Amino acid sequence: MPTINLPIFPLSIFLLPDGVTRLRIFEARYLKMVSMAMKNNGFVVLPIANEEQVEDKLTGSWVEIINFDQSDDGLLLIDVRCKELVEVKDMSQDKDNLHHANVSPKSHWPEVSVDESTNKFSRSLNKLFIENTELSALYKDKHLEQASWVVARWLELLPVNINEKRLFVESGSFDAAKEFLQGIILAE
Amino acid sequence: MQSVHSELPSHQAAVTSSSMTNKIDHSQLCQWLKSIAVDRDKQAFTGVFKFFAPKIQRIAQSKLNNEALAAEVLQDTMSNVWRKAHLFDDSKGAATTWVYTIMRNVTFDLLRKMKANKEDNLSDDIWPLAEALNTEDDSFSDHIQSRNLLGVIETLPENQQQVVKGFYFMEMSQEQLAVHLNLPLGTIKSRLRLALGKLKLKLGEHHD
Numbered sequence: 001m002p003t004i005n006l007p008i009f010p011l012s013i014f015l016l017p018d019g020v021t022r023l024r025i026f027e028a029r030y031l032k033m034v035s036m037a038m039k040n041n042g043f044v045v046l047p048i049a050n051e052e053q054v055e056d057k058l059t060g061s062w063v064e065i066i067n068f069d070q071s072d073d074g075l076l077l078i079d080v081r082c083k084e085l086v087e088v089k090d091m092s093q094d095k096d097n098l099h100h101a102n103v104s105p106k107s108h109w110p111e112v113s114v115d116e117s118t119n120k121f122s123r124s125l126n127k128l129f130i131e132n133t134e135l136s137a138l139y140k141d142k143h144l145e146q147a148s149w150v151v152a153r154w155l156e157l158l159p160v161n162i163n164e165k166r167l168f169v170e171s172g173s174f175d176a177a178k179e180f181l182q183g184i185i186l187a188e
Numbered sequence: 189m190q191s192v193h194s195e196l197p198s199h200q201a202a203v204t205s206s207s208m209t210n211k212i213d214h215s216q217l218c219q220w221l222k223s224i225a226v227d228r229d230k231q232a233f234t235g236v237f238k239f240f241a242p243k244i245q246r247i248a249q250s251k252l253n254n255e256a257l258a259a260e261v262l263q264d265t266m267s268n269v270w271r272k273a274h275l276f277d278d279s280k281g282a283a284t285t286w287v288y289t290i291m292r293n294v295t296f297d298l299l300r301k302m303k304a305n306k307e308d309n310l311s312d313d314i315w316p317l318a319e320a321l322n323t324e325d326d327s328f329s330d331h332i333q334s335r336n337l338l339g340v341i342e343t344l345p346e347n348q349q350q351v352v353k354g355f356y357f358m359e360m361s362q363e364q365l366a367v368h369l370n371l372p373l374g375t376i377k378s379r380l381r382l383a384l385g386k387l388k389l390k391l392g393e394h395h396d
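Quick mapping for you: the protein sequence lines, in order, are chains A and B. With this note's numbering, the residue at position 92 of the first sequence is 92, and numbering never jumps. With this note's numbering, the residue at position 93 of the second sequence is 281, and numbering never jumps.
Next up, the structure:
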């Protein structure tokens, strides 16, 4: 597996491939990170593992900056899109307290088209986009026809602890994710 | 913080000292500022940002002796540059002088605001809320480096507290999910609990 060295943004958000989120950048070391990311290859959002998980391999979301703006109070806003998940190792900290690590790509779910049950998730997600313009604006391309895309977006949005969500970074977890979502969105 | 106050007026001289002007492409900076003013050109702003950010950060850091406050000075300064680029007139002075003057004013405003906030005696009520939503974040204990800084953060309005934490909460609340699915909150809570229980059971089967 080829590895690449990238800056690390330690932040407990759950972001699967193609997921987009908006970050507000404030600290000096992360402004530096953004400037590096714009010149080079993006950065890695790495949720902080709790103590039980220290033994596990760390998985982060390798993101690219797709848009930037300023908030009304003058802070730098960036929209980032997850390119792929990565395994993170050999973390180090530079003189500005910015973390860097060697990362290698990690495969996630294969692309799956919507079927009868996932079509309901897709319609429900579409309704959410219509109701929430801020969320909708983040996604120029909404792949509502792809079950894998729809399920991933739902998992990101659900009010569930990130430590539980993280089970779904595994490549073989699509069916479990679908079942999990059915229990919440479609239960009779 | 008041002790810093008295030292500040002297820093403008250092900022515009000739040692910094040797290798500056002034016409490029002017061009960028015009593109920002006329076309709202983000690329040009990136250029200006990249040029000034490290310098402003370094100067503010040395004057305020606080990384987070220096970052705020940087953000406010660059935001003013973006908003006020149309006011820049290259016949009246260099782009660097204009930007550093903005920076000086921003720094004074910030110190004034902090002084005023100190007397407001704000309660801790808002802070634990943001904290509870995001406890995992604290594993990196250097994120907030000292109690002193924490004190400053506590006096910030809520939206700026989120800024310190670095992101928007994109995740839905249980209430939002209940409204979206048109179900009572209690149903959502029990569905989440059940689904998580099943998930753990399933994983237990695989792992044991």
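No residue lacks a Cβ here, since even glycine has one placed at the ideal position from N, Cα and C. Please read all numbers here as calculations on a predicted model, not as lab measurements.
Where E145 of chain A meets chain B, residues with beta-carbon distance less than 9 Å: None at all; the shortest Cβ gap to chain B is about 21 Å.
Does E116 of chain A have its Cβ less than 8 Å from a Cβ in chain B? no
Measuring from the CB of L16 of chain A, is there a heavy atom of the ligand HEM at a distance below 7 Å? Among the components of this structure there are no ligands whatsoever, and the ligand HEM is therefore not found.
Within 10 angstroms of the Cβ of G19 of chain A, are there 16 or more other Cβ atoms? Answer buried if so, exposed if not. buried
In whole angstroms, give me the CA-to-CA distance for T59 of chain A and K106 of chain A. 8 Å
Specify the secondary structure class of K89 of chain A as computed by DSSP and reduced to three states. strand
For M360 of chain B, go through chain A and note every residue whose CB falls closer than 8 Å to its CB, in chain order. L157, L158 and P159
How about H368 of chain B and L128 of chain A: do their beta carbons lie closer than 8 Å? yes
Entirely within the region 236 to 311 of chain B and at least 4 residues each: give me those alpha helix (DSSP H) ranges in chain order. 255 to 272 and 283 to 308
To test your reading of the DSSP string, which unbroken beta strand (DSSP E) runs of 3 or more residues are found completely within the region 68 to 122 of chain A? 76 to 93 and 99 to 106
Nearest-angstrom Cα distance between R166 of chain A and V80 of chain A? 19 Å
Listed in chain order, which residues of the region 69 to 100 of chain A have Cβ atoms closer than 7 Å to some Cβ of chain B? Q70, D73, G74, L75, L76 and N97
Can you confirm whether L389 of chain B, when its beta carbon is compared against all beta carbons of chain A, has any partner nearer than 8 Å? no
Output needed for L365 of chain B: all residues of its chain with C-beta closer than 7 Å, excluding positions within five of it in sequence on either side, in chain order. I376
Hey, how far is the Cα of R381 of chain B from the Cα of L181 of chain A? 12 Å
Rounded separation between N254 of chain B and A152 of chain A - CA only: 40 Å
Does V20 of chain A come out as helix, strand or coil in the three-state DSSP assignment? strand
Nearest-angstrom Cβ-Cβ length linking L155 of chain A and N126 of chain A, presumed shorter than 8 Å: Contact doesn't hold; Cβ gap of about 16 Å is too wide.
Test: K214 of chain B CB closer than 8 Å to a CB of chain A: Per the sequence shown, residue 214 of chain B should be read as His rather than Lys. Chain A contact via Cβ: absent.
In terms of residues, what are the limits of the beta strand (DSSP E) holding F9 of chain A? I4 to P10
Assuming A101 of chain A contacts K89 of chain A under a Cβ cut-off of 8 Å, what Cβ separation, rounded to an integer in Å, is found between them? 6 Å
Neighbouring residues, chain A, relative to K280 of chain B (Cβ below 8 Å): Those do not exist, as K280 of chain B stays about 24 Å from chain A at its closest Cβ, beyond 8 Å.
What residues are listed by DSSP as bridge partners for T59 of chain A? A:E87
Return the first residue and the last residue of the beta strand (DSSP E) that L46 of chain A is part of. F43 to L46
Going straight from the alpha carbon of K16 of chain A to that of L46 of chain A, what length do you get? Reading the sequence as shown, one finds Leu at residue 16 of chain A and not Lys. Computed Cα separation, rounded: 12 Å.
Between the Cα of Q261 of chain B and the Cα atoms of B:D277, B:K243 and B:D278, which residue gives the shortest distance? The sequence given here places Val at residue 261 of chain B; Gln does not occur at that position. Among B:D277, B:K243 and B:D278, the Cα nearest to that of V261 of chain B is on B:K243.
Own chain residues within Cβ distance below 6 Å of F240 of chain B, not counting five before or after: V287
Exposure of H214 of chain B, with buried meaning 16 or more beta-carbon neighbours within 10 Å: exposed
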